[in-house]
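*Asks:* Top to bottom, those sequences are chains B and G.
If you're matching positions, the first sequence starts at 6 in my numbering and goes up one per residue.
If you're matching positions, the second sequence starts at 511 in my numbering and goes up one per residue.
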Amino acid sequence: MPSIETKYFGTLPCAEGSVFDFPQGLPAFEDEKTFVLIESPEGAPLVFLQSMARASLCFLALPILVVDKNYQLAIAPEDLEALSLDIERQPELGPEVTVLALVSLHDELVATANLMAPVVLNVKIRRGLQAIRRDFLYSPEYPVNAHPAQKNAAEEVC
Amino acid sequence: MLVLRRRAGESFLIGDEIEVELLAVTQQGAKIGIRAPKETIVLRKELKITQEQNAHAASSPSLRDLEQTIRKLRP
Numbered sequence: 006m007p008s009i010e011t012k013y014f015g016t017l018p019c020a021e022g023s024v025f026d027f028p029q030g031l032p033a034f035e036d037e038k039t040f041v042l043i044e045s046p047e048g049a050p051l052v053f054l055q056s057m058a059r060a061s062l063c064f065l066a067l068p069i070l071v072v073d074k075n076y077q078l079a080i081a082p083e084d085l086e087a088l089s090l091d092i093e094r095q096p097e098l099g100p101e102v103t104v105l106a107l108v109s110l111h112d113e114l115v116a117t118a119n120l121m122a123p124v125v126l127n128v129k130i131r132r133g134l135q136a137i138r139r140d141f142l143y144s145p146e147y148p149v150n151a152h153p154a155q156k157n158a159a160e161e162v163c
Numbered sequence: 511m512l513v514l515r516r517r518a519g520e521s522f523l524i525g526d527e528i529e530v531e532l533l534a535v536t537q538q539g540a541k542i543g544i545r546a547p548k549e550t551i552v553l554r555k556e557l558k559i560t561q562e563q564n565a566h567a568a569s570s571p572s573l574r575d576l577e578q579t580i581r582k583l584r585p
């Protein structure tokens, strides 16, 4: 099995099924054409999008439904086409596509997830792209880990 | 924000060198043509935001910060 240098996990064997082609790269990283999806029990619920070519480049991500359990996909027809998916409908989360929100860390370790531009992976053909929404219905900086105290307070109000 | 009303085929100027023409309006949206010097960068706003978010996300944390982050994210 081929192995890969990673930012967080040293050298890992990489299973063929976890390697995804990104023909367009990612915005601001257009030259990075291959990423490996790393899911590890120690990292859960985070998953990792590790660049194959550059060990120092690894995005943190969360499954989109972990961030927002009611998230509605709105992938543009040209993005569906680029992923070889049916352009007449939105794909089914799970069997057809894995959808991830990239995570950014800010001061005080506040994490936000980009719900405006989810990474969509066609699991069957192992191709991915970042599908930028046009509708501005979801934030590119959606907070994912409210301070525990605030979280409890919010739960009490609800 | 300056708001202009334009019909298909009409245009407006930004400075001396940039012309924006409304080519067509359909139910799906407006088709816009832009004439500008080669060095002017024209980007869809959401793409610019995504580039900035990705650049920030790529400066992902050290292993120690990562462990703390994961601890915080766990329910």
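Every residue gets a Cβ at the ideal spot worked out from N, C-alpha and C, and that includes glycine.
Mind checking the segment 538–567 of chain G against chain B and listing, in chain order, the residues whose C-beta falls within less than 7 Å of any C-beta there?
*Replies:* Glu-556, Leu-557, Ile-559, Thr-560, Gln-561, Gln-563, Asn-564, Ala-565, His-566, Ala-567
*Asks:* Taking one C-beta from the segment 19–26 of chain B and one from the segment 61–72 of chain B each time, how about it: are there three or more such pairs within less than 8 Å?
*Replies:* Here the segment 19–26 of chain B makes no contact with the segment 61–72 of chain B; the two share fewer than three CB pairs at distances below 8 Å.
*Asks:* Identify the residues that DSSP records as bridge partners of Pro-148/B: which are they?
*Replies:* Thr-117/B
*Asks:* Compare the C-beta of Gly-48/B with all C-beta atoms of chain G and state if any pair is closer than 8 Å.
*Replies:* yes
*Asks:* Pull up the DSSP beta-bridge partners for Glu-529/G, would you.
*Replies:* Per DSSP, Leu-523/G, Arg-545/G.
*Asks:* Would you say Gln-561/G and Ala-33/B are within 8 Å of each other, going by their C-beta atoms?
*Replies:* yes
*Asks:* Which residues of the segment 117–149 of chain B have a Cβ closer than 8 Å to any Cβ of chain G? Give them in chain order.
*Replies:* Asn-119, Met-121, Ala-122, Gln-135, Ile-137, Arg-138, Arg-139, Phe-141, Pro-145, Glu-146, Val-149
*Asks:* Would you check if the segment 53–62 of chain B and the segment 94–102 of chain B touch, i.e. whether three or more CB-CB distances between them fall below 8 Å?
*Replies:* no
*Asks:* Is the shortest distance between the beta-carbon of Pro-32/B and the beta-carbons of chain G less than 8 Å?
*Replies:* yes
*Asks:* In three-state terms, what does DSSP make of Asn-75/B?
*Replies:* coil
*Asks:* With a cut-off of 8 Å, does the C-beta of Ile-524/G fall near any C-beta of chain B?
*Replies:* Residue contact check for Ile-524/G against chain B: no CB pair falls below 8 Å.
*Asks:* Are at least three pairs of beta-carbons, each pair with one atom in the segment 113–124 of chain B and one in the segment 572–582 of chain G, less than 8 Å apart?
*Replies:* yes
*Asks:* Looking at C-alpha atoms only, which residue of Ala-81/B, Leu-42/B, Ser-89/B, Asp-84/B is the closest neighbour of Leu-105/B?
*Replies:* Leu-42/B
*Asks:* In the segment 99–116 of chain B, which residues sit with their C-beta less than 7 Å from some C-beta in chain G, listed in chain order?
*Replies:* Under the 7 Å Cβ criterion, the segment 99–116 of chain B contributes Leu-107, Val-108, Ser-109, Leu-110, Leu-114, Ala-116.
*Asks:* Residues of chain B with CB closer than 7 Å to the CB of Leu-532/G, please, in chain order.
*Replies:* Near Leu-532/G there are no residues of chain B at all, since even the closest Cβ is about 18 Å away, more than 7 Å.
*Asks:* Which same chain residues end up closer than 6 Å to Leu-616/G when comparing Cβ atoms and leaving out the 5 residues on each side of it in sequence?
*Replies:* Given that chain G is displayed from residue 511 to residue 585, the structure contains no residue 616/G and the question cannot be resolved.
*Asks:* Which residues, in chain order, does the segment 12–39 of chain B contribute to contact with chain G at a C-beta distance below 9 Å?
*Replies:* Lys-12, Tyr-13, Leu-31, Pro-32, Ala-33, Phe-34
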